[in-house]
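Some notes on the structure that comes next.
There are 2 protein chains.
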Amino acid sequence: MIDKLITKIKKTGAPIVVGLDPMLNYIPEQIKKDAYQEFGETLEGAAEAIWQYNKGIVDEVYDLIPAVKPQIAMYEQFGIPGLVAYKRTIDYCKSKGLVVIGDIKRGDIGSTSTAYAVGHLGKVQVGRKSYAGFDEDFATVNPYLGTDGVKPFVDVCKEEKKGIFVLVKTSNPSSGEFQDRLIDKRPLYEWVGEKVDQWGKDAVGKEGYSYVGAVVGATYPEMGKVLRKLMPKTFILVPGYGAQGGKGKDLVHFFNKDGLGAIVNSSRGIIAAYKQEKYASFGEEGYAQASRQAVKDMILDISTALEGR
Amino acid sequence: MIDKLITKIKKTGAPIVVGLDPMLNYIPEQIKKDAYQEFGETLEGAAEAIWQYNKGIVDEVYDLIPAVKPQIAMYEQFGIPGLVAYKRTIDYCKSKGLVVIGDIKRGDIGSTSTAYAVGHLGKVQVGRKSYAGFDEDFATVNPYLGTDGVKPFVDVCKEEKKGIFVLVKTSNPSSGEFQDRLIDKRPLYEWVGEKVDQWGKDAVGKEGYSYVGAVVGATYPEMGKVLRKLMPKTFILVPGYGAQGGKGKDLVHFFNKDGLGAIVNSSRGIIAAYKQEKYASFGEEGYAQASRQAVKDMILDISTALEGR
């Protein structure tokens, strides 16, 4: 799947991923009105609004981008109906040829991580049959429990030709609280990065990159520079662009000289673009076209920065 | 909710929690056969088998114990139908008066953690109405992202009178890989423990314990001893008893002198007790009665150890 991701990045010229993290206050009133009319102001109504909103955006941007990253929390907050919308979004994006990165940040002790890995990336056995529960292409994984919490995901990835991105240095303001603490003179995130490199050593695709990727926030470009060198075969998923403060020029060090090795996520900056002054002329009814324009602008920002380095 | 948990621990004399972590190979053949007959060998069939299995156990043990801890991964692996069984299990356990600890190990950047907190412990707004998506009483939380990833859970707990248990030192073999690394001469888990103590400072219930608890594995009793002192007002959820190797005598240091301060989880050792030689005489059809006996034995093991200290 890392090879498919790279092929699509090359084809689109866009090392970017659109974060499908819908919030009800991003969704145009008319979409909500229609959904509530059909299902009431219920969890089902909210889920329908989210799904219609996502579909509108995906239909407008799928030809420009290689991948999407739905954040499962934004669906899980609406309980079961929300998770049905999550699954529907995954399936629809895959039908459009997009690579789907499930931003699930799961991680547990061995046998439990196996269940998560099977549910999101693999197949679960029921009697003589087997089923894919969620069937994302990639998933994000939390490393706090160490190797035996991550290894089950790697095993399923090898079997199913899928991939993971392990949290190394997250984009949020307090990520440094534990991640930056020095252990033998090096910050924890470097030790995690080193493990990510090891976990992926025997899981390298044809393009030379490992199935075992890393998450490193755009908001910490200097750390990205160090981690890029520490994990040469690791694809880096970079959140924090746009709304969280990261800019194209901050991102160049996350990429290798081949122009690959990183994929930059923007969520709110794309899916709620119509709420920004810059894209206000699209109006609520043109929210998906605003997203399309924001994707184009993001691609230009990053490619300009990469060319200029 | 921490007060309700403590009241129930006192009433039952059982500082234990039963982990409802069903695996299909734990479930008696007859239950699976009935479920597959009705729903086929499908995700729905598996979910029905899990639900019937859980219900059988809960009906036999609910009067002996204060709480249950369903591990969401074991349900999530069966996709949406699995999560429906998770929700059904929560609701049923609550109807039986049990405190429900959702072992979800979520944690993300601020706004995303808010969505998880709302979905599992709080209520989400849809138009003029609000709904509880999963509605557990407690949830487990991963601290790797630092304060701004944990704080949203604490905020929802205060509002809803619920609680969390933050992963400090997990029970698995490789938990030490990062958690034990020394930072300024103290292991990472102590730094996390100190934060847990701080996060809970202004969220203390009537019984003197905080809504913000900690997870510390039974498999590391010496570390439990240190953490107990470091977090005097923190309730400790202790996994790893039984099948993972922890024994009653390992657990005494997790408790305060008041006999409170900890709640010990056993999953497989209780719910699949009938598969152990010790309880084999119950047979498959007596699986739930075997669980009841295993609960009684666990209570005796722990209370004997506590009295003998």
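Read top to bottom, the protein sequences are chains A and B.
First residue of the first sequence: 1, per our numbering; consecutive thereafter.
First residue of the second sequence: 1, per our numbering; consecutive thereafter.
Positions of the beta carbon are idealized from the N, C-alpha and C atoms, including for glycine.
Have a look at 239/A, 255/A, 250/A and 220/A and flag the residue whose alpha-carbon is nearest the alpha-carbon of residue 233/A. The residue labelled residue 233/A in the question sits at position 233 within the first sequence. Relative to residue 233/A, the option among 239/A, 255/A, 250/A and 220/A whose CA is nearest is 255/A.
Pick helix, strand or coil for residue 140/B, following the three-state DSSP scheme. For the purposes of this step, residue 140/B is identified with residue 140 of the second sequence, where counting begins at 1. Of the three classes helix, strand and coil, the one that applies to residue 140/B here is strand, per DSSP.
Relative to the alpha-carbon of residue 26/A, which residue among 292/A, 274/A, 300/A and 302/A has its alpha-carbon at the smallest distance? The residue you call residue 26/A lines up with position 26 of the first sequence. Of the residues 292/A, 274/A, 300/A and 302/A, the one whose Cα lies closest to the Cα of residue 26/A is 274/A.
Determine whether the Cβ of residue 237/B lies closer than 8 Å to any Cβ atom of chain A. Taking the first residue of the second sequence as 1, we reach residue 237/B at position 237. No, residue 237/B lies away from the interface with chain A (no Cβ there is under 8 Å from its Cβ).
Give a yes or no on whether 8 Å exceeds the smallest Cβ distance from residue 178/B to chain A. On the second sequence, residue 178/B is found 178 positions in, with the first residue counted as 1. Closer than 8 Å to the CB of residue 178/B there is at least one CB belonging to chain A.
Quick check: what's the CA-CA separation for residue 201/B versus residue 235/A? In the second sequence, the residue the question calls residue 201/B occupies position 201. In the first sequence, the residue the question calls residue 235/A occupies position 235. Rounded to whole angstroms, residue 201/B to residue 235/A spans 40 Å at the Cα level.
Proximal chain A residues relative to residue 147/B, where beta-carbon distance stays under 7 Å: On the second sequence, residue 147/B is found 147 positions in, with the first residue counted as 1. Within chain A, the residues near residue 147/B are 174 and 177.
Please list, in chain order, the chain B residues whose beta carbon lies closer than 8 Å to that of residue 42/A. For the purposes of this step, residue 42/A is taken as the residue at position 42 of the first sequence. Within chain B, the residues 126, 129 and 131 have their CB atoms less than 8 Å from the CB of residue 42/A, given in chain order.
Backbone secondary structure at residue 113/B - three-state DSSP: On the second sequence, residue 113/B is found 113 positions in, with the first residue counted as 1. Here residue 113/B sits in helix by DSSP.
Just to make sure I have the definition right: I need the residues of chain A whose C-beta is within less than 7 Å of the C-beta of residue 345/B. Which are they? Chain B is shown from 1 up to 309; residue 345/B falls before or after that span and cannot be answered.
How far does the alpha helix (DSSP H) with residue 156/B in it extend, from its first residue to its last? Within the second sequence, residue 156/B is the residue found at index 156, counting from 1. Annotation for residue 156/B: the continuous alpha helix (DSSP H) segment containing it runs 147-160.
Identify the residues that DSSP records as bridge partners of residue 242/B: which are they? Taking the second sequence and counting its residues from 1, one reaches residue 242/B at position 242. Its beta-bridge partners do not exist; DSSP assigns none.
Residue 182/A, buried or exposed, once every other Cβ within 10 Å from all chains shown has been counted against 16: As a first step, residue 182/A is located in the first sequence; it is residue number 182 there, counting from the start. When all chains shown are included, residue 182/A counts as exposed.
Look up residue 169/B in the DSSP assignment and give the residues it is bridged to. Within the second sequence, the letter at position 169 stands for residue 169/B. Residue 169/B has 216/B as its beta-bridge partners, per DSSP.
I want to see whether chain E comes within less than 8 Å of residue 115/B, judged by CB atoms only; does it? This model lacks chain E altogether, as its protein chains are A and B.
If the criterion is Cβ atoms closer than 8 Å, does the pair residue 172/A and residue 149/B meet it? Numbered from 1 along the first sequence, position 172 holds the residue referred to as residue 172/A. Numbered from 1 along the second sequence, position 149 holds the residue referred to as residue 149/B. Here residue 172/A is near residue 149/B, since their CB atoms are less than 8 Å apart.
Along the chain, where does the alpha helix (DSSP H) that runs through residue 294/B open and close? For this step, residue 294/B is matched to residue 294 along the second sequence. Counted as a single uninterrupted DSSP element, the alpha helix (DSSP H) harbouring residue 294/B occupies residues 287-307.
Secondary structure at residue 210/B, three-state DSSP: helix, strand or coil? In the second sequence, the residue the question calls residue 210/B occupies position 210. In the structure shown, residue 210/B falls within a strand segment according to DSSP collapsed to helix, strand and coil.
Can you grab the Cα-Cα spacing for the pair residue 180/A / residue 41/A, in whole Å? Taking the first sequence and counting its residues from 1, one reaches residue 180/A at position 180. Taking the first sequence and counting its residues from 1, one reaches residue 41/A at position 41. Each residue's alpha carbon lies about 44 Å from the other.
Hey, residue 164/B and residue 99/B are a contact pair by Cβ (cut 8 Å); roughly how many whole angstroms apart? One-based indexing of the second sequence puts residue 164/B at position 164. One-based indexing of the second sequence puts residue 99/B at position 99. Between residue 99/B and residue 164/B the Cβ distance is about 13 Å, and since that is not below 8 Å, they are no contact.
Paired residues, beta bridge with residue 125/A - DSSP: As a first step, residue 125/A is located in the first sequence; it is residue number 125 there, counting from the start. BP columns for residue 125/A point to 130/A.
Could you check what DSSP says for residue 272/B in three-state terms: helix, strand or coil? On the second sequence, position 272 is the one that residue 272/B refers to. In this structure, residue 272/B counts as coil in the three-state DSSP scheme.
Tell me where the beta strand (DSSP E) around residue 265/A begins and ends. As a first step, residue 265/A is located in the first sequence; it is residue number 265 there, counting from the start. 262-266 is the span of the beta strand (DSSP E), which, as asked, contains residue 265/A.
Check whether the Cβ atoms of residue 69/B and residue 17/B sit closer than 8 Å, and answer yes or no. One-based indexing of the second sequence puts residue 69/B at position 69. One-based indexing of the second sequence puts residue 17/B at position 17. It is a contact, given that the beta carbons lie within the stated cut-off.
Can you tell me whether residue 197/A is helix, strand or coil according to DSSP? As a first step, residue 197/A is located in the first sequence; it is residue number 197 there, counting from the start. In the structure shown, residue 197/A sits in a helix (DSSP, three-state: H, G or I).
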